[in-house]
Every structure is written in structure tokens, then in C-alpha cells.
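Following the numbering used here, the numbering of the sequence shown begins with 19 at its first residue and continues without gaps.
Backbone N, C-alpha and C define an ideal beta-carbon position, used for all residues, glycine too.
No experiment lies behind these values; they were computed from the predicted model shown.
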Amino acid sequence: MHPTKRQILDHLKRYGDATIDDLARALGLARITVRQHLMALERDRLVTSREVRRSSGRPHHLYALTPAGHDCYPKRYDRLALLLLEEVGHMEEAEASNVSASERRRRLLARALEKAAAQYLPLVEGRPLSQRVQVLARLMTEEGALAEWRRTEKGFEILDYNCLYYRVAQSYEEVCQWHMALLGRLLGRPVRCEQFMARGAECCRFVVETSDIEEEAPTGGPAYGREEA
């Protein structure tokens with residue numbers, strides 16, 4: 019896919035509906051360039067548009083991702099399925115037969131959490147919290163998420179605009195709890211999720227509160243994405 023088309027899709031994925039002018043300003047492109055790429059994305063059924071009338075002046079068009087546009091972002095159902103299948107093989111028959119279905123899922127996810135944590139802990143152990151947050155946001159993005167981190171007055175947030183387990187999480191909220199617990203294990207701090215894409219939010223917002231941030235919080239707005247050495 020052309021890099022500019024990917025930039026447009028990423029912007030719509032992160033920030034929702036946008037006009038041609040919005041996209042041109044955000045991406046630093048000419049309106050005609052944005053329009054041409056949007057026309058191509060509409061032909062590919064990755065983007066749709068609707069006309070919005072203003073109180074005065076000409077109507078304008080808002081562009082948004084279609085379901086196919088959202089689906090062109092990677093998911094990691096394979097990773098979760100592999101973790102769970104491996105743990106099913108280790109579960110004793112008596113253990114599996116004497117508990118409810120929800121309890122079996124909880125136990126399987128708890129075991130899968132331990133396995134996933136063991137894989138990623140070496141990448142963050144020994145680092146201060148601020149660096150752990152940055153490393154995790156980078157790792158999530160490398161796996162296909164659209165993750166950003168930022169510092170807040172009370173701690174940190176990780177925002178993910180592409181839930182890797184979206185379809186599964188819509189049916190089984192335990193998957194959201196599993197992901198939140200995994201982040202908490204890797205950060206060494208409690209993590210709570212203020213909003214979930216699987217429940218209709220524009221992103222998953224993970225909050226890490228701490229009273230002992232290593233550096234002062236910036237006063238000019240949230241800090242995104244640059245990893246500390």
C-alpha cells in the first residue's frame with residue numbers, strides 16, 4: 019500500500035472522522051493529493067464518506083474507515099489461540115470437568131498470562147517505570163497495535179487504537195482483563211483500563227498511576243512515543 023494511503027488510514031483509525039482539510043493539515047499534504055488517495059481508498063472500500071451540511075456555506079464530506087478498513091489492521095488471534103491450546107494440554111481432566119466454563123477460561127487465561135509474561139519480562143526488567151511504559155508501547159506496536167504512551171499528572175497512559183483481540187474480546191471480556199493483567203505484570207504496577215474498543219470506545223486506554231515518577235511531568239501537553247536510552 020502507498021505510504022500516504024497508510025497515513026490516511028492511520029489518522030482515521032486513531033482520530034475518527036475527518037474532512038479533506040483535516041487530513042491535509044494533519045499530514046502536511048496538498049488537498050488534491052489527499053482527495054486522490056481518498057478516492058482510491060473509497061474504490062477499495064476501505065474508506066467511506068458522508069455529506070454534512072453546515073449552517074452556512076457549502077456542505078463538506080466526512081471520511082471514515084469502513085469495517086473492511088478496520089479489518090486491514092493486524093490482529094493476533096493466532097497468538098492467543100496458541101497460548102490457550104498449549105495450556106489446555108496441561109490442564110488435568112478432573113480440573114477441567116469440575117468447574118464452570120467461565121472458571122475454565124479464567125484458569126486458562128491465567129496460565130497463558132504467566133507464559134506471555136515470561137516471554138516479555140526480560141525486555142523490561144531492571145528498567146525504571148517510565149522506560150517500561152515506552153518499551154511496552156513499542157512492543158505492542160511491533161505486534162500490530164497502534165499504541166501511544168503519554169505521561170499524565172498522576173502517572174502514565176498507554177492508548178491502543180487497534181485492539182489485537184477485538185472480535186474475541188467482544189464476546190469474552192475476560193480477554194480484556196487478561197491483557198490488562200499482562201500489562202500490569204510487565205510494568206510491575208496495577209493497571210486499569212478506562213475504556214475498551216470491544217465496548218465501543220475509540221481506543222483502549224490503560225492507566226498506570228504512581229506517586230514516584232522519575233522525571234517531572236511536562237507542562238506542554240502529553241509526551242508521545244520517543245523511547246529513552
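Contact check, residue i vs residue j, beta carbons under 8 Å
i, j, result
"R68", "L80", "yes"
"L205", "R168", "no"
"L83", "L41", "no"
"E220", "G46", "no"
"A128", "L102", "no"
Simplified DSSP assignment, three categories, for residue i
i, result
"S118", "coil"
"S189", "helix"
"C222", "strand"
"D62", "coil"
"R156", "helix"
"L201", "helix"
"Y95", "helix"
"D35", "coil"
"G173", "strand"
"R145", "coil"
Closest residue to residue i among the options (Cα-Cα distance)
i, options, result
"R122", "R53, V106, K133 and E132", "V106"
"F214", "Q188, T228, L201 and V226", "Q188"
"R71", "Q137, T37 and V52", "T37"
"M198", "S148, E171 and L154", "L154"
"S148", "E175, R97 and C90", "E175"
"A134", "E166, L177, G202 and A163", "G202"
"Q137", "H55, L157 and S74", "L157"
"R24", "S74, L56 and E192", "L56"
"E192", "F224, L126 and R207", "L126"
"K93", "Y179, L103 and L200", "Y179"
Nearest-angstrom beta carbon gap, residue j and residue i [assumed within contact, 8 Å]
i, j, result
"C222", "C181", "6 Å"
Classification of residue i by the beta-carbon crowding that lies within 10 angstroms, buried from 16 upward
i, result
"A99", "exposed"
"L27", "buried"
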